[in-house]
Amino acid sequence: MKFKREKSTFECPRCGLKCLKGIDSCPECKFVFSRLEIATNKDAKRKIMRHDKDFIVYTNKLPSDVSFIKLLLFTMFLGLFGGHCFYVGRYWRGGLLLLNSVVLVCCAVFNEFLFKIDDGRFIAMIATICGLIMLVWAYDLVTVAMKKFKVPVAIDLESGVKNEVEE
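Here you go:
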């Protein structure tokens, strides 16, 4: 027996407005929801590299070119280095995790030298900050496992608006 109630609303990936299930487009931003089915992450990565942010939408519905199993494995084994973020095109977040891991490795290698500076308070401060940043990886691991991780997809928003105006 299922006692779980299904939600009658969902959030628009472009503007965040709560929309009723069954409608074709967002009443606020005129985003056509069927475009999410043909959107790809590969195009989104290209547009992110060209700084073309107008056509990028972040959604937790994985596109056809992103594998859930690969994303989960990248998050578990390479997540400390931002591998899962680089896989889906979230480069700033991946860079933060990679930089954090490099700093932690440098702290481990140069532990004796850094401990002499200020009786270890300096390395304790760095380790605390890096440990807090590692919580981003733990959060990402939970969101990927629950299928709530936001993945960028590229959608041509302007042609959808033109089509709606013509109708």
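Its first residue numbered 107, the sequence shown is counted upward by one per residue in the working numbering. Built from N, CA and C at the ideal position, the CB exists for glycine as well. Model, not experiment: these values are computed from the prediction.
Length of the line joining the Cα atoms of residue i and residue j
i       : j       : result
Ser-140 : Ser-131 : 8 Å
Phe-261 : Glu-143 : The sequence shown places Ile at residue 261, rather than the Phe named in the question. Distance between the alpha carbons of Ile-261 and Glu-143: 10 Å.
Pro-169 : Cys-191 : 15 Å
Cys-121 : Ile-162 : 12 Å
Val-208 : Arg-199 : 14 Å
Pro-133 : Cys-118 : 10 Å
Asn-217 : Phe-228 : 11 Å
Thr-115 : Thr-146 : 24 Å
Leu-204 : Gly-128 : 41 Å
Thr-234 : Cys-213 : 12 Å
Ile-154 : Leu-220 : 38 Å
Asp-224 : Met-231 : 11 Å
Lys-159 : Lys-253 : 24 Å
Leu-179 : Phe-255 : 14 Å
Leu-210 : Lys-222 : 17 Å
Lys-167 : Phe-174 : 10 Å
Leu-126 : Val-215 : 55 Å
Gly-195 : Asn-206 : 18 Å
Cys-236 : Gly-226 : 15 Å
The alpha helix (DSSP H) enclosing residue i, as first and last residue numbers
i       : result
Lys-167 : No alpha helix (DSSP H) contains Lys-167, which DSSP labels as neither H nor E.
Lys-148 : 147 to 155
Ile-129 : Unbroken run through Ile-129: none, as it is neither H nor E.
Phe-187 : Run containing Phe-187: none; DSSP gives neither H nor E here.
Arg-199 : 197 to 215
Contact set for residue i: own chain, Cβ-Cβ below 6 Å, skip 5 residues either direction
i       : result
Asn-269 : Residue confidence is low: Asn-269 scores 44 on pLDDT, short of 50, so the model does not pin down where it sits. No coordinate-derived value is stated.
First and last residue of the uninterrupted beta strand (DSSP E) at residue i
i       : result
Phe-116 : 115 to 117
Lys-159 : Premise fails: Lys-159 is in no beta strand (DSSP E) and is neither H nor E.
Val-248 : It is not in any beta strand (DSSP E) - Val-248 instead sits in the alpha helix (DSSP H) that spans 227 to 251.
Lys-124 : 124 to 126
Val-257 : 257 to 260
Integer Cβ distance of residue i from residue j, believed to fall under 8 Å
i       : j       : result
Val-250 : Thr-165 : That belief does not hold up - the Cβ atoms of Val-250 and Thr-165 are roughly 14 Å apart, past 8 Å.
Val-257 : Val-172 : 6 Å
Tyr-193 : Leu-177 : 6 Å
Residues near residue i by beta carbon distance below 8 Å, same chain, minus five either side
i       : result
Arg-152 : Ala-260
Leu-202 : Gly-188, Ile-239, Val-242
Leu-123 : Glu-117, Cys-132, Pro-133, Glu-134, Cys-135
Asn-157 : Here residue 157 turns out to be His, not Asn, going by the sequence shown. So the list is empty, once near-sequence residues are dropped.
Contacts around residue i, its chain only, beta-carbon distance under 7 Å, and the 5 residues preceding and following it disregarded
i       : result
Cys-135 : Cys-118, Arg-120, Cys-121
Leu-149 : The residue asked about is misnamed: residue 149 is Asp in this sequence, not Leu. Cβ within range, chain order: Ala-260.
Any chain C beta carbon closer than 8 Å to residue i
i       : result
Val-242 : Absent from the structure is chain C; it holds one protein chain and no more.
Does the pairing of the stretch 233 to 249 with the stretch 178 to 193 give three or more beta-carbon distances under 8 Å?
-> In short, these stretches touch, since the Cβ pair count reaches three.
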